[in-house]
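Chemist:
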Amino acid sequence: MRKHLLVVMSALLCLCVRPSPADESARAQMKGLDEQVQEVKSDVLNIAAELNQLEEKLLYPSDTHLAVFVSLAHGETLRLDAVQVQIDGQLATHYIYSFKEVDALRRGGVQRIYSGNIATGAHEIAVSVTGKLANGKDYTQTEHFPFTKEIKPKLIGVTLAGPDAPQPGIHLGDW
Amino acid sequence: MRRASQWLSMGVALAAIAARPSMADDLRDLYFGEALYDAYQGQYFDALERLDAELAQHRHLDEPELDSLQHHIRQADFSVGDFELRYRMHLRAGRAIKQVLDADVEQPVKNEAAYRLARIEFQNDQPEDALQALERIQGTVPDNIKDDIEFLRANVYLALGRPADAVEVLRRLQTAQSLKGFAAYNLGIALLQADHTSEALRQLDKAGQIETRETATAAIRDKSNMVLGSVMLRTEDYAHAQLAFDRVRLEGPYSNRALLSTGWAEVSARDYQKALVPWGMLIQRDGTDAAVQEAKLALPFAYSKLRVYGRAALLYGQALDSFNKELEKVDASTRSIRAGNFLKALVREEIRQDNLWVVRLRTLPDTPETFYLTELMASNDFQTALQNYLDLEDLHRRLIAWQGGFGAYEDLIHLRRANYQPLLPQVDARFRELDAQMRLRVEQRDLLQKRLQDILTAPRPQLLATADERVALERLLKIDAALRHASGAERATWQARMQHLQGVLAWRLYTEYPERLTQAHKDLHVLNEDVRTLQEQYTAFVRARQAAVHSYEGYDQSISRLRTRVGEALEHVDTLLARQGHVIEAVAIDELNTRRKRLEAYQVQARYAVADSYDRELKEHASGGTP
Chain A
137 MRKHLLVVMS ALLCLCVRPS PADESARAQM KGLDEQVQEV KSDVLNIAAE LNQLEEKLLY
197 PSDTHLAVFV SLAHGETLRL DAVQVQIDGQ LATHYIYSFK EVDALRRGGV QRIYSGNIAT
257 GAHEIAVSVT GKLANGKDYT QTEHFPFTKE IKPKLIGVTL AGPDAPQPGI HLGDW
Chain B
37 MRRASQWLSM GVALAAIAAR PSMADDLRDL YFGEALYDAY QGQYFDALER LDAELAQHRH
97 LDEPELDSLQ HHIRQADFSV GDFELRYRMH LRAGRAIKQV LDADVEQPVK NEAAYRLARI
157 EFQNDQPEDA LQALERIQGT VPDNIKDDIE FLRANVYLAL GRPADAVEVL RRLQTAQSLK
217 GFAAYNLGIA LLQADHTSEA LRQLDKAGQI ETRETATAAI RDKSNMVLGS VMLRTEDYAH
277 AQLAFDRVRL EGPYSNRALL STGWAEVSAR DYQKALVPWG MLIQRDGTDA AVQEAKLALP
337 FAYSKLRVYG RAALLYGQAL DSFNKELEKV DASTRSIRAG NFLKALVREE IRQDNLWVVR
397 LRTLPDTPET FYLTELMASN DFQTALQNYL DLEDLHRRLI AWQGGFGAYE DLIHLRRANY
457 QPLLPQVDAR FRELDAQMRL RVEQRDLLQK RLQDILTAPR PQLLATADER VALERLLKID
517 AALRHASGAE RATWQARMQH LQGVLAWRLY TEYPERLTQA HKDLHVLNED VRTLQEQYTA
577 FVRARQAAVH SYEGYDQSIS RLRTRVGEAL EHVDTLLARQ GHVIEAVAID ELNTRRKRLE
637 AYQVQARYAV ADSYDRELKE HASGGTP
């Protein structure tokens, strides 16, 4: 991507010509519009922030809030197809990954796979992973983990790794 | 002076490198990781929304150093600027990075911020400010951005009309692997601008022979050869021009122009026969391409120069047909754009999912409006306008979705109110009863605790008597009082018996006192545990009671305010969307008009040339020459 953009830039180096007054006027118009677009983006981002707070308060009050995040272990080559999360035996989510999403996970991104509500106390989470290993073999793994929901919001981080990783399998982290 | 935005793409490309975050292993803050996840998928609005919220929360903490984001705070501050930049919010990005630059941070951090600021200023067509930002870089510079900084500096110099300075910088970058091809080509261009023509040509020749398997580097190599060939053609060095054009790949982005130029180089050298090969190849290609259209006139021109007038007349006739068809296409495109189809095609989901969507546009069915516009659409100004249009479309969709959400929230609140409100009076009444009982028991526990505490300093074994013992003691006291007023012979006997019993009890209380005290403390501990459980249940109930009320109270104002803000923003977005769309359509139609005029001119030339070729053919035939 970077190189591709560099080509465009370099190509422009020798192609630019003195712009006509009409071009300048169109360019000024575009620049003015561009600034207005930037302002409206800023407004909408502020609205989104407020709306998020409202949604969180309304839909996921802190005393019942449970969020599950998924990440891939460092350097993991597992091609993730799907992840299923069950909480206390009930299906919470089943997520099928696109190429872009797997790539984002491989680069260190963390996906919030589930947000929901749960009562305080002891619970169990089951995480199932399906995917393909670098050698093309199918990979399936399921792990069960107990956890306790306290009064504060509960954030669970699930780290996934293939069988050849230094710490293979599914690991749960408390955040 | 060239406009800095002409180098915009380079700036963005550099941002892509610098914004690369650390991997999951190092990640200590899930929300920051979530922002990165969105950003890596190009969802910069979502990434910004998440990271802005996380940073705002972090800054409002009393002890931010204890927050998990603290581990990534520097990266997060930079990432905000990067995401804003990627989301084409240069004004905000600049402000965010200036804040880092003005803060009390270490010089390497300032250097990185200065570089990012320079990039933004450069993209904003402010090369002077970009240079000023670059001049703030001092001391140690991270290795991973060292070359990028210098490459940016060279381009800033070029934008400022200082090619000699650019040459100096670019000379030092010739061994930089990450800039392979680009630094070489740009040095050639800088030398040309600095009027060092012969050195420039040597440099472009070098850049045109770089060995690579990278598509982008191969494309810049082609570009070098195109520029070199064009300069050679102007200086009438046809052999070298030919050599340069021949080095351009047949399937690259410059192949059509290279084939056309090769033909012209041959024609300029008066070798018309050789010109037939590239032009013959070129006319088989996509008829909307400007080089292909020119070749359709150039090829019969070469035949006529070879005195093959019949073939020339035939090819001119075919060219005329082709131009007529292309003119129809241009008109269809113009009509389609006026009907709003261009904008519809641009927002098609399958196009937006693809990084090479500009290239793919032409291959999509039912998009005649895009046939002639791929070149225009690749231009930087058009891209900015188009990206803004797409961003506005995205904002429009979000705002519409949010608007629909308010009704659902209100329904939810209404249902919760209907569920909880009737239950609460009974719950509260029962709670008050239990609350009173609980307070009483807690008071009793406190009293017991106090007594036991007192016993430790002033032992009182009677206080640890069992219920039976207390009853017995009471009865003995009563007997003792009664005996004081009694008389008779048996009084002394009774008194002795009573005192014996008192002694037995006292003996037991005093001898068992340590065990009893220990047991009393154990019992108090058990009681305290029960009270603690009770208090937890009490707190949980109070919290649940509050949560029930909070689940439907206090939202009306927020929802109403947000509904108004969303409505206003939607109105604003729609206005800008219409204006931006109009600008895009106007620019596209303008481009089509230019292409139309060119085609009309070609049409006139072809029409004249057909007749002329037939005349010449007839004359040749009449004079007995070989057709």
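Top line first, the protein sequences correspond to chains A and B. Position one of the first sequence corresponds to residue 137 (this note's numbering), numbered consecutively onward. Position one of the second sequence corresponds to residue 37 (this note's numbering), numbered consecutively onward. Glycine residues also receive a C-beta, built at the ideal position from the N, C-alpha and C atoms.
Where does B:L459 land, buried or exposed, given buried means 16+ other C-beta within 10 angstroms?
Modeler: For this step, residue 459 of chain B is matched to residue 423 along the second sequence. It is exposed - the Cβ of B:L459 has fewer than 16 other Cβ atoms within 10 Å.
Chemist: Between B:G439 and B:R433, what straight-line distance do the alpha-carbon atoms span, to the nearest angstrom?
Modeler: For the purposes of this step, residue 439 of chain B is taken as residue 403 along the second sequence, with counting starting at 1. For the purposes of this step, residue 433 of chain B is taken as residue 397 along the second sequence, with counting starting at 1. The amino acid at residue 439 of chain B is misidentified as Gly; the sequence shows Gln. Distance between the alpha carbons of B:Q439 and B:R433: 10 Å.
Chemist: Among all the DSSP beta bridges, which residues are the ones paired with A:S251?
Modeler: Your numbering for residue 251 of chain A matches position 115 in the first sequence. Answer by DSSP bridge pairing, in chain order: A:A203.
Chemist: Helix, strand or coil, according to DSSP, for A:H230 in the structure here?
Modeler: Taking the first sequence and counting its residues from 1, the one referred to as residue 230 of chain A is at position 94. If DSSP states are grouped into helix, strand and coil, A:H230 belongs with the strands.
Chemist: Hey, would you say B:I319 sits closer than 8 Å to B:K332, going by beta carbons?
Modeler: Looking up residue 319 of chain B in the second sequence gives position 283. Looking up residue 332 of chain B in the second sequence gives position 296. A contact, by the Cβ cut-off of 8 Å.
Chemist: Counting only the same chain and skipping the five closest in sequence on each side, list residues whose C-beta sits under 6 Å from that of B:P199.
Modeler: Against the second sequence, residue 199 of chain B aligns to sequence position 163. If we look at B:P199 and ignore the five residues flanking it on each side, its Cβ neighbours are A226, Q229 and A230.
Chemist: Could you tell me whether the Cβ of A:G293 comes closer than 8 Å to any Cβ of chain B?
Modeler: Within the first sequence, residue 293 of chain A is the residue found at index 157, counting from 1. Chain B contact via Cβ: present.
Chemist: Going along chain B in order, which residues have a C-beta closer than 8 Å to the C-beta of A:R215?
Modeler: The count along the first sequence starts at 1 and reaches residue 215 of chain A at position 79. Ordered by position in chain B, no residue passes the 8 Å Cβ test against A:R215, which lies about 16 Å from the chain.
Chemist: In the segment 236-254 of chain A, which residues sit with their C-beta less than 8 Å from some C-beta in chain B, listed in chain order?
Modeler: Against chain B - using a Cβ distance shorter than 8 Å - the residues of the segment 236-254 of chain A are K236, E237, D239, A240, L241, R243, G244, G245, V246, Q247 and R248.
Chemist: Taking 8 Å as the CB-CB limit, is A:V219 close to chain B?
Modeler: Here residue 219 of chain A is taken as the residue at index 83 of the first sequence, counted from 1. Chain B contact via Cβ: absent.
Chemist: Can you find the residues in the same chain that come closer than 8 Å, C-beta to C-beta, to B:A334, ignoring five residues on each side of it along the sequence?
Modeler: Working through the second sequence from its first residue, we reach residue 334 of chain B at position 298. Result list for B:A334: L296, G299, W300, V303, A311 and W315, in chain order.
Chemist: Compute the distance between the beta-carbons of A:H201 and A:N271, then report whether it is under 8 Å.
Modeler: Here residue 201 of chain A corresponds to residue number 65 of the first sequence, with the count starting at 1. Here residue 271 of chain A corresponds to residue number 135 of the first sequence, with the count starting at 1. Not in contact: A:H201 and A:N271 (Cβ atoms no closer than 8 Å).
Chemist: Going by the C-beta, is B:K146 closer than 7 Å to any heavy atom of the ligand FMN?
Modeler: This structure lacks the ligand FMN; in fact it carries no ligand of any kind.
Chemist: Just to check my reading of the structure: B:E362 and B:L635 have Cβ atoms closer than 8 Å, yes? What is that Cβ distance to the nearest angstrom?
Modeler: Position 326 of the second sequence, counted from the start, is the residue given in the question as residue 362 of chain B. Position 599 of the second sequence, counted from the start, is the residue given in the question as residue 635 of chain B. About 6 Å separates the two Cβ atoms, so the contact holds.
Chemist: Let's see if you can read the secondary structure: which residues bound the beta strand (DSSP E) around A:H280?
Modeler: Reading the first sequence from its first residue, position 144 is the one you call residue 280 of chain A. Counting along the chain, the beta strand (DSSP E) containing A:H280 begins and ends at D274 to K285.
Chemist: Under a three-way DSSP split, which group does A:Q174 fall into?
Modeler: Indexing the first sequence from 1 puts residue 174 of chain A at position 38. Looking at A:Q174 - three-state DSSP - the assignment turns out to be helix.
Chemist: For a contact meaning CB atoms closer than 8 Å, what does A:A185 contact in chain B?
Modeler: Reading the first sequence from its first residue, position 49 is the one you call residue 185 of chain A. The contacting residues are E85, D88, A89 and A92.
Chemist: Specify the secondary structure class of B:Q79 as computed by DSSP and reduced to three states.
Modeler: Here residue 79 of chain B refers to the residue found at position 43 when the second sequence is read from its first residue. Coil.
Chemist: Between the alpha carbons of B:D82 and B:D74, how many angstroms are there, rounded?
Modeler: Along the second sequence, read from residue 1 onward, the residue named residue 82 of chain B stands at position 46. Along the second sequence, read from residue 1 onward, the residue named residue 74 of chain B stands at position 38. When rounded, the distance between both Cα atoms is 6 Å.
Chemist: At which residues does the beta strand (DSSP E) containing A:L296 begin and terminate?
Modeler: Your numbering for residue 296 of chain A matches position 160 in the first sequence. K290 to A297 is the extent of the beta strand (DSSP E) around A:L296.
Chemist: Return the chain-ordered ranges of every beta strand (DSSP E) run that is complete within the segment 85-163 of chain B and spans a minimum of 3 residues.
Modeler: Listed in chain order, there is nothing to give.
Chemist: Taking the C-alpha atoms as reference points, what is the distance between B:F359 and A:H210?
Modeler: Position 323 of the second sequence, counting from 1, holds the residue named residue 359 of chain B. Position 74 of the first sequence, counting from 1, holds the residue named residue 210 of chain A. The straight-line gap from Cα to Cα measures roughly 58 Å.
Chemist: From the DSSP output, in three-state form, read off B:K216 for me.
Modeler: Position 180 of the second sequence, counted from the first residue, corresponds to residue 216 of chain B. B:K216: coil per DSSP, three-state reduction.
Chemist: Please report how far the alpha carbon of B:D417 lies from the alpha carbon of B:D241, in whole angstroms.
Modeler: Numbered from its first residue, the second sequence carries residue 417 of chain B at position 381. Numbered from its first residue, the second sequence carries residue 241 of chain B at position 205. Approximately 30 Å, taken between the alpha carbons.
Chemist: Give me whichever residues DSSP pairs with A:G225 in a beta bridge.
Modeler: In the first sequence, the residue the question calls residue 225 of chain A occupies position 89. Note: A:G225 sits in no beta bridge, so no partner.
Chemist: Any idea if A:P302 is buried or exposed, counting beta-carbon neighbours within 10 angstroms, 16 or more meaning buried?
Modeler: For the purposes of this step, residue 302 of chain A is taken as the residue at position 166 of the first sequence. Classification for A:P302: exposed.
Chemist: To the nearest whole angstrom, what separates the beta carbons of B:I109 and B:Y151, a pair I think is in contact under 8 Å?
Modeler: Translated into the one-based positions of the second sequence, residue 109 of chain B becomes position 73. Translated into the one-based positions of the second sequence, residue 151 of chain B becomes position 115. Between B:Y151 and B:I109 the Cβ distance is about 19 Å, and since that is not below 8 Å, they are no contact.
Chemist: Is A:K285 near A:T266, with beta carbons less than 8 Å apart?
Modeler: To locate residue 285 of chain A, count along the first sequence from 1; it is residue 149. To locate residue 266 of chain A, count along the first sequence from 1; it is residue 130. No, the pair does not count as a contact, with Cβ atoms beyond the cut-off.
Chemist: If we require 4 or more residues per run, which alpha helix (DSSP H) segments fall completely within the segment 169-205 of chain B?
Modeler: Taking only runs of at least 4 residues, the alpha helix (DSSP H) segments lying wholly in the segment 169-205 of chain B are 179-195.
Chemist: In chain order, what residues of the same chain lie with their CB nearer than 6 Å to the CB of B:G261, ignoring the 5 residues before and after it?
Modeler: Within the second sequence, the letter at position 225 stands for residue 261 of chain B. The question names Gly, but residue 261 of chain B in the sequence shown is Asn. Excluding sequence neighbours, B:N261 sits near G244, A280, R283 and V284.
Chemist: May I have the straight-line CA-CA distance separating B:F467 from B:R581, to the nearest angstrom?
Modeler: Position 431 of the second sequence, counted from the first residue, corresponds to residue 467 of chain B. Position 545 of the second sequence, counted from the first residue, corresponds to residue 581 of chain B. Between B:F467 and B:R581, the C-alpha separation is close to 10 Å.
Chemist: By DSSP, does B:S358 sit in helix, in strand, or in coil?
Modeler: Here residue 358 of chain B is taken as the residue at index 322 of the second sequence, counted from 1. Here B:S358 sits in helix by DSSP.
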